[in-house]
Amino acid sequence: MATRRMTVAQAVVEFLGRQYTVDNVGGQAYRERLIPGMFGIFGHGNVAGVGQALKQFQVRDPSLMPYYQGRNEQAQSHQAVGYARHVRRRATYAVSTSIGPGSSNLLTGAALATANRLPVLLLPSDTFATRAADPVLQQLEHSHGYDITVNDAFRPLSKYFDRVNRPEQLFSAMMNGLRVLTDPVETGAVTISLPQDVQAEVFEVPEEFLAERDWKIRRPEPEADDIARAAQLIKAAKRPLIVAGGGVLYSFAQDALLELAQKTGIPVAYTQAGVGTIAWDSPHSLGAIGSTGTTAANALAAEADLVIGIGTRYEDFTTASRTAFQNPGLRFININVAPLDAYKHGTALPIVADARKALVALNTALGGYRVGADLEAVVASEKQRWDATVDTAFATRHNPLPAQNEIIGAVHGAMDERDVVICAAGSLPGDLHKMWRIKDAHGYHVEYAFSCMGYEIAGGLGVKRAVIDETSRGAAENRDVVVMVGDGSYLMMHTELVTAVAEGIKLITVLIQNHGYASIGSLSESLGSQRFGTQYRELDAKTHSFDAGAKLPIDLATNAESLGVNVIRIEPGTDAIDKLAAAIATAKAAPEGSGPILIHVESDPLLDAPDSESWWDVPVSGESDLESTRAAFQTYSGHKARQRNYLG
Numbered sequence: 001m002a003t004r005r006m007t008v009a010q011a012v013v014e015f016l017g018r019q020y021t022v023d024n025v026g027g028q029a030y031r032e033r034l035i036p037g038m039f040g041i042f043g044h045g046n047v048a049g050v051g052q053a054l055k056q057f058q059v060r061d062p063s064l065m066p067y068y069q070g071r072n073e074q075a076q077s078h079q080a081v082g083y084a085r086h087v088r089r090r091a092t093y094a095v096s097t098s099i100g101p102g103s104s105n106l107l108t109g110a111a112l113a114t115a116n117r118l119p120v121l122l123l124p125s126d127t128f129a130t131r132a133a134d135p136v137l138q139q140l141e142h143s144h145g146y147d148i149t150v151n152d153a154f155r156p157l158s159k160y161f162d163r164v165n166r167p168e169q170l171f172s173a174m175m176n177g178l179r180v181l182t183d184p185v186e187t188g189a190v191t192i193s194l195p196q197d198v199q200a201e202v203f204e205v206p207e208e209f210l211a212e213r214d215w216k217i218r219r220p221e222p223e224a225d226d227i228a229r230a231a232q233l234i235k236a237a238k239r240p241l242i243v244a245g246g247g248v249l250y251s252f253a254q255d256a257l258l259e260l261a262q263k264t265g266i267p268v269a270y271t272q273a274g275v276g277t278i279a280w281d282s283p284h285s286l287g288a289i290g291s292t293g294t295t296a297a298n299a300l301a302a303e304a305d306l307v308i309g310i311g312t313r314y315e316d317f318t319t320a321s322r323t324a325f326q327n328p329g330l331r332f333i334n335i336n337v338a339p340l341d342a343y344k345h346g347t348a349l350p351i352v353a354d355a356r357k358a359l360v361a362l363n364t365a366l367g368g369y370r371v372g373a374d375l376e377a378v379v380a381s382e383k384q385r386w387d388a389t390v391d392t393a394f395a396t397r398h399n400p401l402p403a404q405n406e407i408i409g410a411v412h413g414a415m416d417e418r419d420v421v422i423c424a425a426g427s428l429p430g431d432l433h434k435m436w437r438i439k440d441a442h443g444y445h446v447e448y449a450f451s452c453m454g455y456e457i458a459g460g461l462g463v464k465r466a467v468i469d470e471t472s473r474g475a476a477e478n479r480d481v482v483v484m485v486g487d488g489s490y491l492m493m494h495t496e497l498v499t500a501v502a503e504g505i506k507l508i509t510v511l512i513q514n515h516g517y518a519s520i521g522s523l524s525e526s527l528g529s530q531r532f533g534t535q536y537r538e539l540d541a542k543t544h545s546f547d548a549g550a551k552l553p554i555d556l557a558t559n560a561e562s563l564g565v566n567v568i569r570i571e572p573g574t575d576a577i578d579k580l581a582a583a584i585a586t587a588k589a590a591p592e593g594s595g596p597i598l599i600h601v602e603s604d605p606l607l608d609a610p611d612s613e614s615w616w617d618v619p620v621s622g623e624s625d626l627e628s629t630r631a632a633f634q635t636y637s638g639h640k641a642r643q644r645n646y647l648g
């Protein structure tokens, strides 16, 4: 067998540069790079290993494994996840870190990727495998287990974890890691720990390991008996409802879903991850469901006798903490590639299969079936009621500070249908979920499985990288990527704006300044805790309170300018919303390659979005000196009485 003498790190880089994802959806073949590039921040743990390898290949062949800088390891993993979601899990980036804090900075990113079931390849460095230098700088020591390192913290956060303590272990570590990375059921964070001395160790690498390799995405067929039984259950139902999740998008099943809705009249509601599975203005679309849903979807959910879940993991927001579905005869059909999700809620019929293939088969099996005219009339009426509610929320003007509803409406109105909105945490995801009017399947990207503050700008940059790659290959026309972020999340992690400046990437960010945590402030008030600790104010030393002091004299627009970002300030006033819409248009008109643009606008955090007529279970103290808490507990008890175990 032919071999080549090289270091472990050099073998890692060359191996990853020659891996491809292959897929076939509806006869359309796909083959692209699985790992199109690598992020890295260098320290003593990886500078002479992976860092040297990247530099060597940059000189020899810059296209093999392009290197990208980042300003924070967590943010680099968020970029990889944003990229992966936009390309429907067919590709992702690798992230190299040093040891100690460089590695542990990735932990949140690993948890986010695994929670969202999105692939990312993490390559944290580790302490000496030989223990020749022991303990080294940043090494974690445990008296009860000397083999424990910082990187063991990745084990519960990763879908696959391995540590390469000898060069020969690299082969199985990489093969198993990429197997998980490309598995639609198991995918998430793949972490391969690389001790700093092993990275630089030389060994003989088989040419076969370094050759091009294809990784086929599995898309299992449904069983015929399951489809036949599903058709029977649907035909027998009086109030069927489809709940579409992210699995519809990852299986490219949105066209098959639309065909099902149009042929049968079954209404469709969607989860956070499922936004884009059906256009908002389709007569069969009820919009968002659950705690952050529309009144239309929640009204139909309450009466549904059959819920057809497609590609959803039934997060508590989706089920309104198990209060959304109230029909005593409720049953579930769950179509999901992951058995874990297909069997949830004691489903009457779990169908473990690719969503698109299952829907194609179900469309055939249902023949000429159509729901009753009474159900279609209810759908039309409830949809009209909610659409009018959103129209009013977008059009109502508040002064001197606008409501977040108005800001969302202005941004939406100024964007093109193909543009992408990015968000992750705070009050914005809930408001966007229920009010954002989406037509393009790629137009909505809200990270809500982990709801990680600080994801927005980094994740948005990852999405923009995917858009740039698609455009360069001629696969799609250009899209603008617009990040919507509150000041709380912005302060958590905005450093990847510097990365966008360095690469001239046009990323549009709308920064909403509301001087605190608007979402948790509202939740705190509803739970009787009086917005405690949620406002950005100066400390009142006498009462040791941050609730009543002067607002902090921070200027986040100037902060962004100091990073090299082009900033547009929207001053408070009667014309703020018109100026915001004009600013979005100006930002969109900027040429690609001109760098990031940030639009700064203030809002009134006390003006809420339209009510979803739903609930989210956050326990309230059963005993309190505060009257506000006692009143909240009474309300909470009323909601708890409606909570059920779904065993359908």
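FYI, UniProt numbering numbers position 113 of the sequence shown as 113, with every residue one higher than the one before it.
A virtual CB, placed ideally from N, CA and C, is assigned to each residue, including glycine.
query                                                                                                                                                           : result
Over the uninterrupted alpha helix (DSSP H) stretch that includes residue 116, give me the two end residues.                                                    : 107–116
Expressed to the nearest angstrom, what Euclidean distance is found between the alpha-carbon atoms of residue 428 and residue 484?                              : 8 Å
Just to confirm before moving on: does the CB-CB distance between residue 257 and residue 307 stay below 9 Å?                                                   : no
Measure from the alpha carbon of residue 417 to the alpha carbon of each residue in 120, 338, 281, 293, then state which is nearest.                            : 281
Could you say which of 124, 579, 368 lies nearest to residue 569 if we only look at CA atoms?                                                                   : 579
What does the Cβ neighbour count give for residue 479, buried or exposed, with the cut at 16 atoms within 10 Å?                                                 : buried
So, are the CB atoms of residue 300 and residue 267 less than 9 Å apart?                                                                                        : yes
Using alpha carbons as the reference points, say which of 461, 634, 326 lies closest to residue 500.                                                            : 461
Between which two residues does the alpha helix (DSSP H) holding residue 319 run?                                                                               : Careful: residue 319 lies outside any alpha helix (DSSP H) and carries neither H nor E.
What's the C-alpha gap between residue 54 and residue 70?                                                                                                       : 15 Å
Using the rule of at least 16 other Cβ atoms within 10 Å of the residue's Cβ for burial, across every protein chain shown, is residue 515 buried or exposed?    : buried
Figure out for me which residue from 30, 271, 165 has the closest Cα to the Cα of residue 131.                                                                  : 165
DSSP state of residue 72, grouped into three classes?                                                                                                           : coil
Identify whether residue 206 lies in helix, strand or coil by the three-state DSSP scheme.                                                                      : strand
Give the DSSP-derived three-state secondary structure of residue 240 in the structure shown.                                                                    : strand
Of the residues 46, 49, 44, 37, which one's Cα is nearest the Cα of residue 65?                                                                                 : 37
On the DSSP bridge assignment, give the partners of residue 38 in chain order.                                                                                  : 67, 94
Tell me the DSSP bridge mates of residue 166?                                                                                                                   : According to DSSP, which records beta bridges pairwise, residue 166 is partnered with nothing at all.
What number of angstroms, rounded off, separates the C-alpha of residue 1 from the C-alpha of residue 60?                                                       : 25 Å
On the three-pair Cβ rule with 8 Å, is the stretch 386–396 touching the stretch 553–564?                                                                        : no
Going by the beta-carbon positions, is the gap between residue 404 and residue 123 smaller than 9 Å?                                                            : no
Report all residues from its chain with a CB closer than 6 Å to the CB of residue 9; omit the five preceding and five following residues, and keep chain order. : 49, 50, 53, 199
Look at the Cβ atom of residue 79, then the Cβ atom of residue 15, and state whether they are nearer than 9 Å.                                                  : no
Kindly indicate the opening and closing residues of the beta strand (DSSP E) around residue 264.                                                                : That residue, residue 264, is in no beta strand (DSSP E); its alpha helix (DSSP H) goes 254–264.
What residues match up with residue 429 in a beta bridge as DSSP calls it?                                                                                      : Paired residues: none, contrary to the question.
Does the structure place the stretch 604–622 close enough to the stretch 273–291 that three or more beta carbon pairs sit under 8 Å?                            : yes
Flag this pair as touching only if the stretch 215–227 and the stretch 162–176 have three or more C-beta atom pairs under 8 Å; answer yes or no.                : no
At the level of alpha carbons, what is the spacing between residue 598 and residue 365?                                                                         : 51 Å
Could you tell me which residues DSSP puts in a beta bridge with residue 216?                                                                                   : 22
In this structure, how does DSSP classify residue 551 when only helix, strand and coil are distinguished?                                                       : strand
Are the beta-carbon atoms of residue 271 and residue 253 separated by less than 9 Å?                                                                            : no
Could you tell me whether the stretch 86–104 touches the stretch 132–149, where touching means 3 or more Cβ pairs closer than 8 Å?                              : yes
Are the stretch 109–117 and the stretch 80–99 in contact at 8 Å, needing three or more beta carbon pairs?                                                       : yes
Provide the residue span of the alpha helix (DSSP H) that contains residue 334, from first to last.                                                             : Taken as a continuous stretch (DSSP letters only), residue 334 belongs to no alpha helix (DSSP H), being part of the beta strand (DSSP E) at 331–336.
In three-state terms, what does DSSP make of residue 133?                                                                                                       : coil
Given a threshold of 16 other Cβ atoms within 10 Å of its Cβ, counted over all protein chains shown, does residue 477 qualify as buried or as exposed?          : exposed
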